[in-house]
Amino acid sequence: MNLTNQQNPVISAVIPAYNESQGLKEAITKIAEILEACEKNWEIVIVDDGSSDQTYQQICQLSNNEPRIKGLALSRNFGKEAAMLAGLEQAKGEAVIILDSDLQHPPSLIPEMIEKWHSGAQIVHAVKRSRKDDSAGKKAAAFCINQLISSLGGININNSSDFKLLDREIVDIIVHRLPERERFFRGLTSWLGFAEEYIYFDVATRQGDESKWSFWSLLELAITALTSFTSLPLRIVTFLGFATLILGFFVAGDTILSLIKGQAVSGFATIIISLLLIGSFIMISLGIIGEYIAKIYEEVKARPHYLVKASVGIKDKNPE
Ligand code: UDP
Ligand code: MG
Numbered sequence: 004m005n006l007t008n009q010q011n012p013v014i015s016a017v018i019p020a021y022n023e024s025q026g027l028k029e030a031i032t033k034i035a036e037i038l039e040a041c042e043k044n045w046e047i048v049i050v051d052d053g054s055s056d057q058t059y060q061q062i063c064q065l066s067n068n069e070p071r072i073k074g075l076a077l078s079r080n081f082g083k084e085a086a087m088l089a090g091l092e093q094a095k096g097e098a099v100i101i102l103d104s105d106l107q108h109p110p111s112l113i114p115e116m117i118e119k120w121h122s123g124a125q126i127v128h129a130v131k132r133s134r135k136d137d138s139a140g141k142k143a144a145a146f147c148i149n150q151l152i153s154s155l156g157g158i159n160i161n162n163s164s165d166f167k168l169l170d171r172e173i174v175d176i177i178v179h180r181l182p183e184r185e186r187f188f189r190g191l192t193s194w195l196g197f198a199e200e201y202i203y204f205d206v207a208t209r210q211g212d213e214s215k216w217s218f219w220s221l222l223e224l225a226i227t228a229l230t231s232f233t234s235l236p237l238r239i240v241t242f243l244g245f246a247t248l249i250l251g252f253f254v255a256g257d258t259i260l261s262l263i264k265g266q267a268v269s270g271f272a273t274i275i276i277s278l279l280l281i282g283s284f285i286m287i288s289l290g291i292i293g294e295y296i297a298k299i300y301e302e303v304k305a306r307p308h309y310l311v312k313a314s315v316g317i318k319d320k321n322p323e
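Taking this note's numbering, the leading residue of the sequence shown gets 4, the next gets one more, and so forth.
#1: Apart from the five residues just before and just after Tyr59, which ones in its own chain have a Cβ nearer than 6 Å to its Cβ?
#2: In three-state terms, what does DSSP make of Pro19?
#3: Is the beta carbon of Pro12 less than 8 Å from the beta carbon of Asn44?
#4: Starting from Ser78 and walking both ways along the beta strand (DSSP E), at which residues does that stretch end?
#5: If contacts are defined as beta-carbon pairs under 8 Å, then Gly123 and Asn80 qualify, I think. What distance do you get, rounded to the angstrom?
#6: Below 8 Å on the Cβ atoms is my guess for Val240 versus Ile317; work out the distance and round it to an integer in Å.
#7: When every heavy atom of ligand 2 is checked, does at least one fall within less than 7 Å of the C-beta of Asp52?
#8: What do you reckon, is the C-beta of Asp103 under 7 Å from a heavy atom of ligand 2?
#9: Would you decide whether Cys147 is buried or exposed? Buried here means 16 or more other CB atoms lie within 10 Å of its CB.
#10: Relative to the C-alpha of Ser163, which candidate in Val206, Pro182, Ala198, Leu181 has its C-alpha closest?
#11: Enumerate in chain order the residues of its own chain whose CB-to-CB distance from Gly251 is below 8 Å, with the five nearest sequence positions on each side excluded.
#12: What are the boundary residues of the beta strand (DSSP E) that Asp165 is part of?
#13: Below 8 Å, can you find three or more Cβ-Cβ pairs linking the stretch 85 to 95 to the stretch 109 to 122?
#14: Do Ile173 and Ile126 have their CB atoms nearer than 8 Å?
#15: Measuring only from the beta carbon, is Gln107 closer than 7 Å to any heavy atom that is part of ligand 2?
#16: Is the Cβ-Cβ distance between Ile47 and Ile31 less than 8 Å?
#17: Which stretch, first to last residue, makes up the beta strand (DSSP E) that contains Phe204?
#18: Quick one: what's His128 bridged to in DSSP?
#19: DSSP three-state label for Lys318, please.
#20: Who does Val48 pair with in a DSSP beta bridge?
#21: Sort out for me which residues DSSP pairs Val311 with in a bridge.
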């Protein structure tokens, strides 16, 4: 049925899926249709990120009907970043497109992305124009986090998404030359440089049930993003330390002066306030330093990013 299966595909689509059985089939069918219209020699790599529903069974069905659809099942939920990496390691295409399995990343943009790639772009970022679905709180939080990372980390990730096309050269760099454990894919691709292009899209309403991100997983992502790209928080701690030291000198001078003048040293409230302030500075600083130490610890342990428990349509499920 598929004559081109022998050689490497030209376009790979990598799709992480976590408990997506509700809308997966529809999404994959649509993506496959669009790929087919652009390039006969395509593959789709769906990574089941430890779903507890029928996601993997559906991937198997899809793969049995169409050998160009391949599936990987991770042994548990490792998170979207790990799932994307698993897919990137597996993808064989000359260009790899990463997109969500809930049709929120409109597959109709794929032809435009491929066109930009043909005309020389090595990374094509799809940038969100709006997020109708998100609550005001999530929008505000996303805006603050993006601003913070952009200004502190020196990379622009405003409204960026994980929806991207990457040239083979970029995929190889991400897979082989960026060994860090904790990744923030969106930031990494901006950090790389290379010939970039941007296209804009409106985030569609989510297919299936609600978003898979909880408040805590988003917070974790934000901390990873920040600690991956900047050590400025650590420097702020040092500055705060110096600022308190200077303040301390002033207060000490004032106290000595009062003593010389023979006035009783008063100011119980001042002592309490400065104790509380300095105490909280110290605790926050320790927390910030702790975040970085935790990151070092994660890197030093050098555990694999993910473990694969099953695969379908793939000969060698552990590449390299
Ligand atoms: N996802 C994943 N692992 C997770 C959480 C999410 O692979 O632990 C996948 C999910 O199946 C979807 C994509 O990541 O394809 C984006 O997730 P979601 O739509 O829940 O996030 P949002 O659209 O709110 O960013
Ligand atoms: Mg989504």
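Ideal Cβ placement from N, Cα and C applies to all residues, glycine included.
If we stick to the structure as given:
#1: Asp51, Ala76
#2: strand
#3: yes
#4: Per DSSP, Ser78 belongs to no beta strand (DSSP E) and is neither H nor E.
#5: In fact, because the Cβ distance is near 38 Å, the residues do not count as touching under 8 Å.
#6: The pair is not a contact, with the Cβ atoms about 47 Å apart (cut-off 8 Å).
#7: no
#8: yes
#9: exposed
#10: Val206
#11: none
#12: 163 to 170
#13: no
#14: yes
#15: yes
#16: yes
#17: 199 to 206
#18: Lys167, Tyr201
#19: coil
#20: Val17, Lys73
#21: Leu77
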